[in-house]
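> Can you keep this structure in mind? I'll have questions shortly.
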Ligand SMILES: Cc1ncc(COP(=O)(O)O)c(C=O)c1O
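Residue numbers (the UniProt record's numbering): 1 to 443.
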């Protein structure tokens, strides 16, 4: 390597390999799976004001009582600042862990505060659970599609993701059975099933209550742990909740919770409720990652839960999201061309759209952004390149008017894409080929 050359002209030590990163040969092998998610790459363009972004999953915080929150935070520092601004334990603030148990009781979970570990968002919980359980090459089973941040954690620890199909009632038990049998026949070790049972991100569907016991039983029979990720469980539009998997099989389910969607995502407070035997390892993993979660943020959440009508606030969030969901579904009905199908969520943030054969949502995205609308292409939600006929539309953040306008623009882009296909054939739009998993509404 010639140090005198500017970095963009240097080459890696492998013959013929041009690289722009002078550290490329130093990285650990596991970084090979670490690539920026398609969604992150989109954020910069999609956040321009003229673009209606149906791409991101940012909670709409406008309904939060900011005045009373700011007063409370000032009080917290004045009254308890020496604790709030100090290191704490890796396990989390004890009072908050008790309050978290009350929150989880709303979905039927009886957990002990000792078994709760507070995390920096549930994303950190995902990272720690994967770190604890996955060696390179181990299999994680996840719904197809699945949460992009979870796929990132699995890739970072070199786990292999095997997707299982969903339909309108969530994960299909037979596909789980088949995936487990296949892994076994290949001599692969399946470490856990990662599932988002309620108001799925990105599919927008909910696991039918009748399927829950069966899925738990299949996992037990096959000695596979269940990781239940439930950040949206309290956001059912009719105030409905579903029995958590954790409530049905406490010894075999690691539960991930979060205050990101029910309070404030920027505080980064989530938690893991683990079987007792796993909890100690989680605390050690948390210690090595962050020493402790931020004390100030935990105390803010704890005071908020103790002094605000937080359930009333969740109801307000639900009503806002319901109005937005209604705007999106009626706009899709009105504008989307024949041949498109989509899910109809009854909670959460997302609609999963399947477009006609031959349209490639990843290739189409640049044209959509030019038409001032952004979405998340389905391929980002699969570990294996599927999903090019799907897209995720988020209705959580824009106003209902912007949602309607965004869908109208998107429909225009789809129409012209389909016109092109009719004129020149489907190769015009398809950049990624390969078999398609059935979308959740067509399986
Ligand atoms: C399914 C799912 N799990 C986990 C997370 C991460 O949430 P947190 O903000 O608690 O880290 C998200 C965020 O969108 C999510 O949708």
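Glycine included, each C-beta is placed from N, C-alpha and C at the ideal position.
1) Of all the options 211, 163 and 245, which has the alpha carbon lying nearest to the alpha carbon of residue 226?
2) From the DSSP output, in three-state form, read off residue 425 for me.
3) Using a Cβ-based criterion (distance less than 7 Å to any ligand heavy atom), does residue 147 qualify as near ligand 2?
4) Can you give me the Cβ contacts of residue 101 inside the same chain, cut-off strictly under 6 Å, excluding the 5 residues immediately before and after it?
5) Name, in chain order, the residues that DSSP records as bridge partners for residue 163.
6) For the alpha helix (DSSP H) containing residue 367, name the first residue and the last one.
7) DSSP state of residue 419, grouped into three classes?
8) Please name the residue or residues paired with residue 377 in a DSSP beta bridge.
9) In terms of alpha-carbon separation, which member of 242, 290 and 173 lies closest to residue 214?
10) Is residue 121 near ligand 1, with its Cβ less than 7 Å from a heavy atom?
11) DSSP three-state call for residue 20: helix, strand or coil?
12) Where in the region 283-312 do unbroken runs of the alpha helix (DSSP H), each at least 4 residues long, occur, reported from the N-terminal end onward?
13) To the nearest angstrom, how far is the alpha carbon of residue 325 from that of residue 23?
14) Have a look at residue 179 and residue 96 and give me their C-alpha separation to the nearest angstrom.
15) Apart from the five residues just before and just after residue 327, which ones in its own chain have a Cβ nearer than 6 Å to its Cβ?
16) If you count every other CB in all the chains shown that lies within 10 Å of the CB of residue 104, and 16 or more means buried, which is it?
17) Just to check, is the beta-carbon of residue 196 closer than 7 Å to a non-hydrogen atom of ligand 1?
18) Under DSSP, the alpha helix (DSSP H) around residue 148 begins and ends at which residues?
19) Mapping DSSP to helix, strand and coil, what is residue 321?
20) What are the boundary residues of the alpha helix (DSSP H) that residue 184 is part of?
21) Heavy atom of ligand 1 less than 7 Å from the Cβ of residue 170, yes or no?
22) Considering only DSSP beta bridges, list what residue 273 is partnered with.
23) Do the CB positions of residue 336 and residue 368 come within less than 8 Å of each other?
24) Which one or two residues does DSSP pair with residue 27 in a beta bridge?
25) Please name the residue in 192, 311 and 291 whose C-alpha comes closest to that of residue 164.
26) Determine the extent of the alpha helix (DSSP H) in which residue 79 is found, giving its start and end residues.
27) To the nearest whole angstrom, what separates the beta carbons of residue 209 and residue 243, a pair I think is in contact under 8 Å?
28) Evaluate residue 20 with the Cβ neighbour count: other Cβ atoms within 10 Å of its Cβ, from every protein chain shown; 16 or more gives buried, anything less gives exposed.
29) The alpha helix (DSSP H) that contains residue 102, what's its start and end?
30) Using 8 Å for Cβ pairs, my map puts residue 107 next to residue 233. What's the rounded Cβ distance?
31) Using the beta-carbon count (16 or more within 10 Å), is residue 345 buried or exposed?
32) How is the beta strand (DSSP E) around residue 226 delimited, first residue to last?
33) Does DSSP put residue 435 in a helix, in a strand, or in coil?
34) Could you say if the region 295-312 and the region 127-139 meet the contact criterion of at least three C-beta pairs nearer than 8 Å?
35) When you compare only the Cα positions, how much space is there between residue 366 and residue 261?
36) Would you mind working out which of 309, 92, 77 and 123 sits nearest residue 280, comparing C-alpha positions?
On the basis of the data shown:
1) As a first step, residue 226 must be located in the chain shown, where it is residue number 226. Residue 245 holds the alpha-carbon nearest to the alpha-carbon of residue 226 among 211, 163 and 245.
2) The residue given as residue 425 occupies position 425 in the chain shown. Coil at residue 425, not helix or strand.
3) Ligand 2 is not part of the structure shown, which contains ligand 1 as its ligands.
4) Translated into positions along the chain shown, residue 101 becomes position 101. Excluding sequence neighbours, residue 101 sits near 111 and 113.
5) Indexing the chain shown from 1 puts residue 163 at position 163. DSSP output for residue 163 lists 142 as bridge partner(s).
6) For this step, residue 367 is matched to residue 367 along the chain shown. Start and end: 361-370.
7) Residue numbering aside, residue 419 sits at position 419 when the chain shown is read from its first letter. Three-state result, residue 419: helix.
8) Position 377 of the chain shown holds residue 377. Answer is 391.
9) Numbered from its first residue, the chain shown carries residue 214 at position 214. Here the closest residue by C-alpha is 173.
10) To locate residue 121, count along the chain shown from 1; it is residue 121. Checking every heavy atom of ligand 1 against the Cβ of residue 121, one is found closer than 7 Å.
11) By 1-based counting over the chain shown, the position of residue 20 is 20. Reduced to three states, the DSSP call for residue 20 is coil.
12) 295-307
13) What you label residue 325 is simply residue 325 of the chain shown in a count that begins at 1. What you label residue 23 is simply residue 23 of the chain shown in a count that begins at 1. In this structure, the straight-line span from the alpha carbon of residue 325 to that of residue 23 is close to 46 Å.
14) To locate residue 179, count along the chain shown from 1; it is residue 179. To locate residue 96, count along the chain shown from 1; it is residue 96. Cα to Cα, residue 179 sits roughly 39 Å from residue 96.
15) Here residue 327 refers to the residue found at position 327 of the chain shown. Contacts found: 400, 403 and 404.
16) Position 104 of the chain shown, counted from the first residue, corresponds to residue 104. When all chains shown are included, residue 104 counts as buried.
17) Taking the chain shown and counting its residues from 1, one reaches residue 196 at position 196. Correct: residue 196 has its Cβ closer than 7 Å to ligand 1.
18) Start at 1 with the first residue of the chain shown, and residue 148 comes out as number 148. Here the alpha helix (DSSP H) through residue 148 covers 148-156.
19) Start at 1 with the first residue of the chain shown, and residue 321 comes out as number 321. Looking at residue 321 - three-state DSSP - the assignment turns out to be helix.
20) On the chain shown, residue 184 is found 184 positions in, with the first residue counted as 1. Taken as a continuous stretch (DSSP letters only), the alpha helix (DSSP H) holding residue 184 covers 173-185.
21) Indexing the chain shown from 1 puts residue 170 at position 170. No, ligand 1 has no heavy atom inside 7 Å of this Cβ.
22) If you number the chain shown from 1, residue 273 lands on position 273. Bridge partners of residue 273: 116 and 255.
23) The count along the chain shown starts at 1 and reaches residue 336 at position 336. The count along the chain shown starts at 1 and reaches residue 368 at position 368. No. Outside cutoff.
24) As a working note, residue 27 is residue 27 in the chain shown. Its beta-bridge partners do not exist; DSSP assigns none.
25) One-based indexing of the chain shown puts residue 164 at position 164. Of the candidates 192, 311 and 291, the one whose C-alpha sits nearest the C-alpha of residue 164 is 192.
26) To locate residue 79, count along the chain shown from 1; it is residue 79. First-last of the alpha helix (DSSP H) with residue 79: 66-84.
27) Residue 209 sits at position 209 when you count from the first residue of the chain shown. Residue 243 sits at position 243 when you count from the first residue of the chain shown. That pair is a contact at about 7 Å.
28) Residue numbering aside, residue 20 sits at position 20 when the chain shown is read from its first letter. The C-beta of residue 20 has fewer than 16 other C-beta atoms within 10 Å across all chains shown, which makes the residue exposed.
29) If you number the chain shown from 1, residue 102 lands on position 102. Per DSSP, residue 102 belongs to the alpha helix (DSSP H) from 94-105.
30) Taking the first residue of the chain shown as position 1, residue 107 is located at position 107. Taking the first residue of the chain shown as position 1, residue 233 is located at position 233. Here residue 107 really is in contact with residue 233; their C-beta atoms are around 5 Å apart, less than 8 Å.
31) Stepping through the chain shown from its first residue, residue 345 is reached at position 345. By the 10 Å Cβ count, residue 345 comes out buried.
32) Here residue 226 refers to the residue found at position 226 when the chain shown is read from its first residue. Taken as a continuous stretch (DSSP letters only), the beta strand (DSSP E) holding residue 226 covers 225-229.
33) Counting from 1 along the chain shown, the entry for residue 435 is found at position 435. With a pLDDT of only 32 at residue 435, under 50, the local geometry of the prediction cannot be trusted, and no value is derived from it.
34) In short, these stretches do not touch, since the Cβ pair count stays below three.
35) Mapped onto the chain shown, residue 366 falls at position 366. Mapped onto the chain shown, residue 261 falls at position 261. If you take the alpha carbons of residue 366 and residue 261, they lie about 29 Å apart.
36) On the chain shown, residue 280 is found 280 positions in, with the first residue counted as 1. Here the closest residue by C-alpha is 92.
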